[in-house]
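So the protein sequences, as listed, match chains E and D.
First residue of the first sequence: 9, per our numbering; consecutive thereafter.
First residue of the second sequence: 15, per our numbering; consecutive thereafter.
Heads up, the beta-carbon is just placed ideally off N, CA and C, and yes, glycines get one too.
Down below is the structure, laid out as structure tokens.
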Amino acid sequence: MSAHAEFLRAASNNKDLASQIKADFRKASLSQRDFRMLEFVEKLTLFPALLLETDVKLLRQIGFSDSEILHIVLGSAHFNYLNRMADGLGIQFEYKSGIEEFKVPASGQPAESPAEPAVRHVKSIPNPTVAWIHFPEISPAPGNANEPVNLYRVMGDNPAARNLARDWRTYQLTGTPALTARRRAELALFISALNRCDYSAYWFTQPLRQLGATAEECDRLARGQKPEQLSGSEQLLFEHAERLTQQPWTTRESHIESLRQAGMNDHGILQLTMLCSYLSFENRVALGLGVALEISSD
Amino acid sequence: METQSTPESQPRPGWIRMIGISDAQGPLKELYAQMKSRGGSRPAVYNTPTGDAPNIVRSHSLEPEGLRLAFGISTAIHWSEKSLPWVQREMLNTVTSRANNCFY
């Protein structure tokens with residue numbers, strides 16, 4: 009945030025505006041249009057599963073085009089990725105800033121309680137539409153029947169972002185010596201459940217079943233519960249995922265050191281942090297744009 | 015294999031090993047060169063005081079493909095003809111980071 013408040017000062021040539029938004033955008037001198045955009049962005053970040061189509065309609069009502077709404081969601085979702093990378097790996101701030109700092113809480117309750125079952129019967133969602141925004145269809149359609157095609161279709165107004173999103177997702181799910189494909193799919197389903205993203209949960213359950221997980225194992229993860237009978241080192245992976253998803257700012261170097269002592273090298277720690285952070289992007293794109301499952305309800 | 019040279023007197027940029035521009039080799043070196051070339055058209059405020067890649071970019075340096083994809087999509091979202099105006103983008107980035115209590 010410190011870096012981007014500084015960039016905002018440069019973009020707006022207005023230090024007061026940057027300081028106000030950094031402290032509390034609700035007290036800043038903003039147009040109604042900017043204010044509503046930032047309200048949407050805050051909700052997308054803190055309570056993505058609570059977004060409704062009405063929230064998108066309100067943006068449209070105040071003059072945002074569907075292309076702009078797409079880029080609001082993509083931009084904020086990608087910053088949810090970057091924020092988790094920064095806090096998950098203890099990235100030091102290297103820019104100079106003349107804007108007053110705020111105090112990061114040492115710990116605290118997650119903004120959203122994970123106590124409720126996260127994902128229930130994903131097949132029961134009947135939604136004849138693709139998403140809450142309109143978008144240009146591109147032929148041939150991206151992806152195939154084994155991929156979350158609607159997630160890519162909704163980005164049709166920005167084909168470069170759409171193609172990279174598809175490659176990025178494939179990269180995150182490809183197994184490595186540090187994180188097997190099955191472990192990645194388990195973590196992805198677990199995180200999607202914590203974020204209450206039915207869409208992603210469905211699309212991570214499919215490969216997980218193909219990789220040998222039982223229906224019971226998938227159901228457990230889809231409720232936001234860690235797998236049973238994890239070893240100590242495996243437990244650390246899921247704890248890192250949970251922390252980065254719900255309270256990324258509470259990550260400490262000791263957590264990284266614990267992963268290292270459990271046998272994970274820096275490549276593995278980076279891969280794990282990238283995967284967990286990536287899910288904060290994908291889940292928010294799906295939830296923020298109301299991306300519907302491709303399957304029918306029967 | 016790349017090596018990292020961070021003098022003991024300098025603060026560490028993060029909790030894992032990171033490779034800066036001067037120590038990068040192979041695909042990472044090419045990627046940094048591409049990013050620097052693209053970044054030339056961006057406002058100078060994005061340049062770090064040291065001239066190295068920003069720490070958030072360097073944090074991905076052990077996995078060049080992950081770096082390419084994460085920042086490639088960032089460019090596509092924030093620096094294309096369809097992107098939001100610069101001021102709105104930075105408002106959005108600041109509020110997202112504030113909501114996440116992310117100091118960086």
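Look up residue i in the DSSP assignment and say whether it is helix, strand or coil.
i: S39 (chain E); result: coil
i: P134 (chain E); result: Bear in mind that the predicted position of P134 (chain E) carries a pLDDT of just 38, short of 50, making it too unreliable to give a figure here.
i: A87 (chain D); result: The sequence shown places Ile at residue 87 (chain D), rather than the Ala named in the question. Here I87 (chain D) sits in helix by DSSP.
i: S121 (chain E); result: Because S121 (chain E) sits at a pLDDT of 45, beneath the cut-off of 50, its placement in the model cannot be relied upon, and the point is left open.
i: I77 (chain E); result: helix
i: Q254 (chain E); result: helix
i: H263 (chain E); result: helix
i: H248 (chain E); result: helix
i: S73 (chain D); result: coil
i: G200 (chain E); result: For the record, residue 200 (chain E) in the displayed sequence is Ser; it is not Gly. Note: S200 (chain E) maps to helix in three-state DSSP.
i: F33 (chain E); result: helix
i: V64 (chain E); result: helix
i: Q18 (chain D); result: Bear in mind that the predicted position of Q18 (chain D) carries a pLDDT of just 46, short of 50, making it too unreliable to give a figure here.
i: Y210 (chain E); result: helix
i: M282 (chain E); result: helix
i: W100 (chain D); result: helix
i: H86 (chain E); result: helix
i: D306 (chain E); result: Because D306 (chain E) sits at a pLDDT of 46, beneath the cut-off of 50, its placement in the model cannot be relied upon, and the following sentence gives the value as read from the coordinates. Residue state, collapsed to three classes: coil.
i: C205 (chain E); result: coil
i: P56 (chain E); result: helix
i: N367 (chain E); result: Any question about residue 367 (chain E) goes unanswered here, given that chain E covers just 9 to 306.
i: P27 (chain D); result: coil
Taking residue i as the reference, which of the options has the closest Cα?
i: I277 (chain E); options: E:S39, E:G98 and E:G71; result: E:G98
i: Q100 (chain E); options: D:H92, D:T62 and D:W93; result: D:T62
i: Q218 (chain E); options: E:R231, E:N158, E:E194 and E:Y207; result: E:E194
i: A67 (chain D); options: D:M49, D:L106, D:E79 and D:L98; result: D:M49
i: I70 (chain E); options: E:T53, E:R44 and E:T62; result: E:R44
i: W93 (chain D); options: D:N107, D:T108, D:R56 and D:Q39; result: D:R56
i: L66 (chain E); options: E:T53, E:E302 and E:L46; result: E:L46
i: L42 (chain D); options: D:H74, D:Y60 and D:G54; result: D:H74
i: T253 (chain E); options: E:F55, E:A26, E:A36 and E:D24; result: E:F55
i: P156 (chain E); options: E:A13, E:H12 and E:V293; result: E:V293
i: Y89 (chain E); options: E:A19, E:I303 and E:Y286; result: E:Y286
i: P144 (chain E); options: E:T184, E:E261 and E:L78; result: E:L78
i: N22 (chain E); options: D:V101, D:G65 and D:I35; result: D:V101
i: A186 (chain E); options: E:I303, E:L267 and E:L172; result: E:L267
If I'm right that residue i touches residue j with Cβ under 8 Å, what's the distance once you round it to whole angstroms?
i: E102 (chain E); j: N69 (chain D); result: 5 Å
i: A201 (chain E); j: A230 (chain E); result: 5 Å
i: S84 (chain E); j: L81 (chain D); result: That belief does not hold up - the Cβ atoms of S84 (chain E) and L81 (chain D) are roughly 21 Å apart, past 8 Å.
i: I141 (chain E); j: V162 (chain E); result: 7 Å
i: P25 (chain D); j: R72 (chain D); result: No, P25 (chain D) and R72 (chain D) are not in contact; Cβ-Cβ is about 13 Å, not under 8 Å.
i: Q180 (chain E); j: R192 (chain E); result: 7 Å
i: F48 (chain E); j: D63 (chain E); result: 6 Å
i: L82 (chain E); j: C205 (chain E); result: The Cβ separation is near 16 Å, so there is no contact.
i: T213 (chain E); j: L197 (chain E); result: 6 Å
i: Y60 (chain D); j: G54 (chain D); result: Not quite, the Cβ-Cβ distance comes to about 11 Å (not below 8 Å), so this is no contact.
I'd like to check one pair, residue j with residue i: are the Cβ atoms closer than 7 Å?
i: R17 (chain E); j: P256 (chain E); result: no
i: A90 (chain D); j: A169 (chain E); result: yes
i: S241 (chain E); j: A209 (chain E); result: no
i: E104 (chain D); j: F15 (chain E); result: yes
i: L76 (chain D); j: D95 (chain E); result: no
i: A38 (chain D); j: Y46 (chain D); result: yes
i: Y207 (chain E); j: L301 (chain E); result: yes
i: A13 (chain E); j: A26 (chain E); result: yes
i: V138 (chain E); j: N152 (chain E); result: no
Could you tell me which chain C residues have their CB closer than 8 Å to the CB of residue i, listed as they occur along the chain?
i: E77 (chain D); result: Among the protein chains of the structure shown, namely E and D, there is no chain C.
Would you list, in chain order, the members of the segment 95–111 of chain D that have their beta-carbon closer than 8 Å to a beta-carbon of chain E? Listed in sequence order: K96, S97, L98, W100, V101, Q102, R103, E104, M105, L106, N107, T108, V109, T110 and S111.
Residues, ordered as in the chain, of the segment 23–57 of chain D that lie near chain E by beta-carbon distance below 8 Å: Only those residues of the segment 23–57 of chain D whose C-beta falls short of 8 Å from the nearest C-beta of chain E are listed: P25, R26, P27, G28, W29, I30, R31 and P57.
At a CB distance below 7 Å, what residues from the segment 227–258 of chain E approach chain D? Give them in sequence order. Answer in chain order: P256 and W257.
Residues of the segment 79–109 of chain E in Cβ contact with chain D at a cutoff of 8 Å, in chain order, please. Those residues of the segment 79–109 of chain E that come within reach of chain D (Cβ to Cβ, closer than 8 Å) are H79, I80, L82, G83, S84, H86, F87, N88, Y89, L90, N91, R92, M93, A94, D95, L97, G98, I99, Q100, F101, E102, Y103, K104 and E109.
Which residues of the segment 160–184 of chain E have a Cβ closer than 7 Å to any Cβ of chain D? Give them in chain order. Residues D165, N166, A168, A169, L172, A173, D175, W176 and Y179.
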